[in-house]
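> Take this structure first; my questions come after.
2 protein chains.
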Amino acid sequence: MKKNIILTGDRPTGPLHLGHYRGSLVKRVELQDECEQFVMIADVQALTDNYEHPEKVRHNILEVLLDYLAVGIDPQKSTILVQSLVPQLFELTVYYLNLVTVNRALRNPTVKTEIKQKGYGDSTPLGFVAYPVSQAADITAFKATLVPVGEDQLPMIEQANEIVRTFNRLYNVDVLVEAQAVLTKTQRLPGTDGKTKMGKSLGNAIYLSDSADVLAKKVMNMYTDPDHIHVADPGKVEGNMVFTYLDVFDLQHDEVAELKEHYKRGGLGDVVIKKRLIEVLDELLDPMRKKRAEFANDKAALMGILHAGSARAREIAAQTLAQVRAAMKLDY
Amino acid sequence: MKKNIILTGDRPTGPLHLGHYRGSLVKRVELQDECEQFVMIADVQALTDNYEHPEKVRHNILEVLLDYLAVGIDPQKSTILVQSLVPQLFELTVYYLNLVTVNRALRNPTVKTEIKQKGYGDSTPLGFVAYPVSQAADITAFKATLVPVGEDQLPMIEQANEIVRTFNRLYNVDVLVEAQAVLTKTQRLPGTDGKTKMGKSLGNAIYLSDSADVLAKKVMNMYTDPDHIHVADPGKVEGNMVFTYLDVFDLQHDEVAELKEHYKRGGLGDVVIKKRLIEVLDELLDPMRKKRAEFANDKAALMGILHAGSARAREIAAQTLAQVRAAMKLDY
Chain G
1 MKKNIILTGD
11 RPTGPLHLGH
21 YRGSLVKRVE
31 LQDECEQFVM
41 IADVQALTDN
51 YEHPEKVRHN
61 ILEVLLDYLA
71 VGIDPQKSTI
81 LVQSLVPQLF
91 ELTVYYLNLV
101 TVNRALRNPT
111 VKTEIKQKGY
121 GDSTPLGFVA
131 YPVSQAADIT
141 AFKATLVPVG
151 EDQLPMIEQA
161 NEIVRTFNRL
171 YNVDVLVEAQ
181 AVLTKTQRLP
191 GTDGKTKMGK
201 SLGNAIYLSD
211 SADVLAKKVM
221 NMYTDPDHIH
231 VADPGKVEGN
241 MVFTYLDVFD
251 LQHDEVAELK
261 EHYKRGGLGD
271 VVIKKRLIEV
281 LDELLDPMRK
291 KRAEFANDKA
301 ALMGILHAGS
311 ARAREIAAQT
321 LAQVRAAMKL
331 DY
Chain R
333 MKKNIILTGD
343 RPTGPLHLGH
353 YRGSLVKRVE
363 LQDECEQFVM
373 IADVQALTDN
383 YEHPEKVRHN
393 ILEVLLDYLA
403 VGIDPQKSTI
413 LVQSLVPQLF
423 ELTVYYLNLV
433 TVNRALRNPT
443 VKTEIKQKGY
453 GDSTPLGFVA
463 YPVSQAADIT
473 AFKATLVPVG
483 EDQLPMIEQA
493 NEIVRTFNRL
503 YNVDVLVEAQ
513 AVLTKTQRLP
523 GTDGKTKMGK
533 SLGNAIYLSD
543 SADVLAKKVM
553 NMYTDPDHIH
563 VADPGKVEGN
573 MVFTYLDVFD
583 LQHDEVAELK
593 EHYKRGGLGD
603 VVIKKRLIEV
613 LDELLDPMRK
623 KRAEFANDKA
633 ALMGILHAGS
643 ARAREIAAQT
653 LAQVRAAMKL
663 DY
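Those sequence lines, one after another, are chains G and R.
If you read the first sequence in our numbering, its first letter stands for residue 1, the second for the next number, and so on.
If you read the second sequence in our numbering, its first letter stands for residue 333, the second for the next number, and so on.
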């Protein structure tokens, strides 16, 4: 049976956090043994809404790579590539732009929501509206069969598959491959403040690269139960971030269950459960910190990894592009 | 003094005709001695409204090249390139998409007019709206200082220069160069039917590649003066295509002036002036036909010319792209 091909990745706009770890990184480490996995650092896509701050994107490419290496994504097993180092993706993007109408692009629910969120109003850049087309180029260049996404990204896969079908029908070929969205089953990890999403701009994220001190401080400031004032008071477990995180990261489920009972009864202070969470998270992050430290000062080695992965990605993308050009009669 | 750099070219959607010859080809043959000239066969741009008929675009690449060679554009003096063989142009296009808003793109007067003409309605492809951005990539990649255009294409140069200014300001560099539009001074050559524009779709064009027979037939069917029924009748010279063409192509201006007087008085038949025009045009086209015949059967030589020119174009475009990437901090 043919191996599945996975395309996944991140926009290099900030370091990765526990939400990323839980939502996708763990899975990638698993899948790199079963599938052919492409992990893309999407600098071009990041530029569509950060073109005024390219230095931020540049800086975070290495941060994100360090996060990958820290969690165990192995450049020998996964192809880690930088989007802008695979020029075939630009060419595919430009060809696919002909296959999508302006109205269809503006109707994309994800794009619509994001235009509103970003307050673009009447000045939405063409590049932003076109970014699902650029994603279609990424997915199809590597002939990905599986693309792990959050629910909000489903319209992106739909758009990519529409392009695949239009292209294959129009040029009467079987060159491009439809991808299947793989929905993350794990629930989204909320921020330390209890907000539904962990995010850099919200200032409620615990980063994989946080030092022990920073981690401790963030956990000590976590949202628990505002009515749980004295240790003796009975406390609420639902919506209490410390328990939410313990549920996810503490493998001693029985002990966590007992702690919850105790907390609900009263007599268990926030500091106790927070210290436990710090310990649990430190155990998770400490090996990552060590791995990170191994590479962090060897910029040449990091760039070597990115260049090697991107070179391999170029090879694959060039094969697809040659087929695309042949289908379009551009194979002069 | 630094030589001017010219970017010019054609969409390969049909063979070139007398209107192209008069409006731009003559000038290119002159300018290739004075300037650094890039002549681009714009296959990617042609695909934005011909993506359903790529074979047409492919076929016409060689036709257009043969026309170039026939009129005397010399691959040793001008860089003749195929747009899709210069991948740097795709990458620049994608970056520039971030610098233009959807509304600005849709407000481009040329794009607006063409959307109406083509009857796109609600299904204008993104690629079509983005084609001025792709043109900006072409112009800036070669750092063109002069771009010969018709009046209807002025908004394209304006759009390109806007991108240049935005890019240089945003990244605080002096990398991209504004281009100056050079308006064609010659009046547009009307079609053989007297319509203001000579065009393939209008079926009123005399092609540079027309055989002597086809040429004769087209001239014999030319629009003259519908009220000039008998040879003895006085005839009208204004709007009479035979005289319009004689004015442009017959170098014996005195004789043409005499013929006009005679025609207006009456006593000069259409056949006489048509035969003269056939002779004049044959004299122009015959050397082109011979030159064409030299190359027409050597497809390998033709492709060689295109590949060599495109390789040179890639070198120049790669230099610009490296500067663009450095400005955008993408020079990993």
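Where a beta carbon is used, it is the ideal one built from N, C-alpha and C, also for glycine.
1. With DSSP run on the structure shown, which of helix, strand or coil describes G/E178?
2. Give the interface partners of R/A462 over in chain G, defined as CB-CB distance under 7 Å, in chain order.
3. Rounding to the nearest angstrom, what Cα-Cα distance links G/L251 and G/L208 in this structure?
4. Any idea what DSSP makes of R/G599, helix, strand or coil?
5. Between the Cα of G/E114 and those of G/G194, G/E91, G/N161 and G/P132, spot the shortest distance and give me the residue it belongs to.
6. Where R/R624 and R/D365 are concerned, what is the direct C-alpha to C-alpha distance, given to the nearest angstrom?
7. To the nearest whole angstrom, what separates the beta carbons of G/M241 and G/M222, a pair I think is in contact under 8 Å?
8. Taking Cβ positions, are G/V129 and G/V111 nearer each other than 9 Å?
9. Just confirm the distance between the C-beta atoms of R/T472 and R/A492, as a whole number of angstroms; I'd bet it's less than 8 Å.
10. From which residue to which residue does the beta strand (DSSP E) around R/T411 run?
11. Closer than 8 Å between beta carbons: that is the criterion. Which residues of the stretch 378-408 of chain R meet it against chain G?
12. If you run the structure through DSSP and keep just helix, strand and coil, what is R/E615?
13. Can you name, in chain order, every residue of its own chain whose Cβ lies under 7 Å from the Cβ of R/I637, other than the five neighbours on each side?
14. Three-state secondary structure (DSSP) at G/Y207?
15. What separation, rounded to the nearest whole angstrom, lies between the Cα atoms of R/L286 and R/P522?
16. Report the residues of the stretch 213-226 of chain G with a CB closer than 8 Å to any CB of chain R, ordered along the chain.
17. Measure from the C-beta of R/S410 to each C-beta in chain G and report whether the shortest distance is under 9 Å.
18. Contact criterion: CB-CB distance below 9 Å. Does R/Q420 meet it with respect to chain C?
19. Short of 7 Å in beta carbon distance, which residues of its chain neighbour G/M288, apart from the five on each side in sequence? Order them along the chain.
20. Which chain G residues are close to R/V414, counting only those with a beta carbon under 8 Å from its beta carbon?
21. Out of R/M660, R/Q512 and R/A544, which one is the CA nearest neighbour of R/V612?
22. For R/S466, count neighbouring Cβ atoms within 10 angstroms of its own Cβ and tell me buried if that reaches 16, exposed if not.
23. Could you say if the stretch 145-161 of chain G and the stretch 179-187 of chain G meet the contact criterion of at least three C-beta pairs nearer than 8 Å?
24. Can you tell me whether R/R501 is buried or exposed, with buried defined as 16 or more other CB within 10 angstroms of its CB?
25. Helix, strand or coil for R/P386, going by three-state DSSP, please let me know.
26. Can you find at least 3 beta carbon pairs, one from the stretch 299-316 of chain G and one from the stretch 85-104 of chain G, that sit closer than 8 Å?
27. May I ask which residues mark the beginning and end of the alpha helix (DSSP H) holding R/I648?
28. Give me, in chain order, the residues of the same chain whose beta-carbon lies closer than 6 Å to that of G/L25; leave out the 5 immediate sequence neighbours on both sides.
29. G/V133 versus chain R: which residues are under 8 Å apart at the beta carbon?
30. On the DSSP letters alone, give me the boundaries of the alpha helix (DSSP H) that G/I163 sits inside.
31. Along the chain, where does the beta strand (DSSP E) containing R/M552 start, and where does it finish?
32. Assign G/H6 to one of three DSSP states: helix, strand, or coil.
33. Going along the stretch 103-115 of chain G in order, which residues come within less than 7 Å of chain R, judged by CB to CB distance?
34. Only counting the same chain, and skipping five residues up and downstream in sequence, which positions put a Cβ closer than 8 Å to that of G/L97?
35. Kindly identify the DSSP beta-bridge partner or partners of G/M40.
36. Can you name the residues that DSSP bridges to G/H17?
From the atom records:
1. Within the first sequence, the letter at position 178 stands for residue 178 of chain G. Of the three classes helix, strand and coil, the one that applies to G/E178 here is coil, per DSSP.
2. Working through the second sequence from its first residue, we reach residue 462 of chain R at position 130. What R/A462 touches in chain G: L97 and L126.
3. Looking up residue 251 of chain G in the first sequence gives position 251. Looking up residue 208 of chain G in the first sequence gives position 208. Their backbone Cα atoms lie some 19 Å apart in a straight line.
4. What you label residue 599 of chain R is simply residue 267 of the second sequence in a count that begins at 1. If DSSP states are grouped into helix, strand and coil, R/G599 belongs with coil.
5. In the first sequence, the residue the question calls residue 114 of chain G occupies position 114. Looking at the Cα atoms, G/P132 is the closest of the given residues.
6. For the purposes of this step, residue 624 of chain R is taken as residue 292 along the second sequence, with counting starting at 1. For the purposes of this step, residue 365 of chain R is taken as residue 33 along the second sequence, with counting starting at 1. If you take the alpha carbons of R/R624 and R/D365, they lie about 22 Å apart.
7. Within the first sequence, residue 241 of chain G is the residue found at index 241, counting from 1. Within the first sequence, residue 222 of chain G is the residue found at index 222, counting from 1. Contact flag correct, Cβ pair sits at about 5 Å.
8. Position 129 of the first sequence holds residue 129 of chain G. Position 111 of the first sequence holds residue 111 of chain G. Yes, these two residues count as a Cβ contact at 9 Å.
9. The sequence position of residue 472 of chain R within the second sequence is 140, counting from 1. The sequence position of residue 492 of chain R within the second sequence is 160, counting from 1. Approximately 7 Å separates the beta-carbon atoms of R/T472 and R/A492; this is inside 8 Å, confirming the contact.
10. Here residue 411 of chain R refers to the residue found at position 79 of the second sequence. For R/T411, the enclosing beta strand (DSSP E) starts and ends at S410 to V414.
11. Shown in chain order are the members of the stretch 378-408 of chain R whose Cβ falls below 8 Å from a Cβ of chain G: L379, T380, Y383, E384, P386, E387, V389, R390 and I393.
12. Position 283 of the second sequence, counting from 1, holds the residue named residue 615 of chain R. If DSSP states are grouped into helix, strand and coil, R/E615 belongs with the helices.
13. Translated into the one-based positions of the second sequence, residue 637 of chain R becomes position 305. The beta carbon of R/I637 sits closer than 7 Å to those of L397, P407 and I412, all from its chain and outside the five residues before and after it, given in chain order.
14. The residue labelled residue 207 of chain G in the question sits at position 207 within the first sequence. In the structure shown, the three-state DSSP call for G/Y207 is strand.
15. With chain R running from 333 to 664 in the structure shown, residue 286 of chain R is simply not present.
16. From the stretch 213-226 of chain G, no residue has a Cβ closer than 8 Å to chain R.
17. The residue you call residue 410 of chain R lines up with position 78 of the second sequence. No, R/S410 does not count as interfacial toward chain G.
18. Checking the listed chains, one finds no chain C in this structure; the protein chains it contains are G and R.
19. In the first sequence, residue 288 of chain G corresponds to position 288, counting from 1. Here the set comprises A70, V71 and L208.
20. Within the second sequence, residue 414 of chain R is the residue found at index 82, counting from 1. Here the neighbours are Y332.
21. Position 280 of the second sequence holds residue 612 of chain R. Nearest option by C-alpha distance: R/A544.
22. The residue labelled residue 466 of chain R in the question sits at position 134 within the second sequence. Buried.
23. Short answer: they touch.
24. Start at 1 with the first residue of the second sequence, and residue 501 of chain R comes out as number 169. For R/R501, the number of other beta carbons within 10 angstroms of its own is below 16, and it is reported as exposed.
25. Translated into the one-based positions of the second sequence, residue 386 of chain R becomes position 54. In the structure shown, R/P386 falls within a helical segment according to DSSP collapsed to helix, strand and coil.
26. At 8 Å Cβ cutoff, the stretches touch.
27. The residue you call residue 648 of chain R lines up with position 316 of the second sequence. If you look at R/I648, you'll find it in the alpha helix (DSSP H) that goes K631 to A659.
28. For the purposes of this step, residue 25 of chain G is identified with residue 25 of the first sequence, where counting begins at 1. Excluding sequence neighbours, G/L25 sits near V71.
29. Here residue 133 of chain G corresponds to residue number 133 of the first sequence, with the count starting at 1. What G/V133 touches in chain R: L458.
30. Start at 1 with the first residue of the first sequence, and residue 163 of chain G comes out as number 163. For G/I163, the enclosing alpha helix (DSSP H) has its first and last residue at L154 to L170.
31. Sequence index remark: in the second sequence, residue 552 of chain R carries index 220 (1-based). That residue, R/M552, is in no beta strand (DSSP E); its alpha helix (DSSP H) goes A544 to M552.
32. Position 6 of the first sequence holds residue 6 of chain G. One detail in the question is off: residue 6 of chain G reads as Ile in this sequence, not His. Residue state for G/I6 is assigned as strand, using DSSP reduced to three classes.
33. So the list reads N103 and A105, given in the order they occur along the chain.
34. Counted from its first residue, the first sequence places residue 97 of chain G at position 97. Taking G/L97 as the centre and dropping the five residues before and after it, the same chain places the C-beta of A130 and V133 closer than 8 Å to its C-beta, in chain order.
35. What you label residue 40 of chain G is simply residue 40 of the first sequence in a count that begins at 1. Looking at the DSSP assignment, G/M40 forms a beta bridge with G/G9 and G/L81.
36. As a working mapping, residue 17 of chain G is identified with position 17 in the first sequence. Beta-bridge pairing by DSSP links G/H17 to G/Y207.
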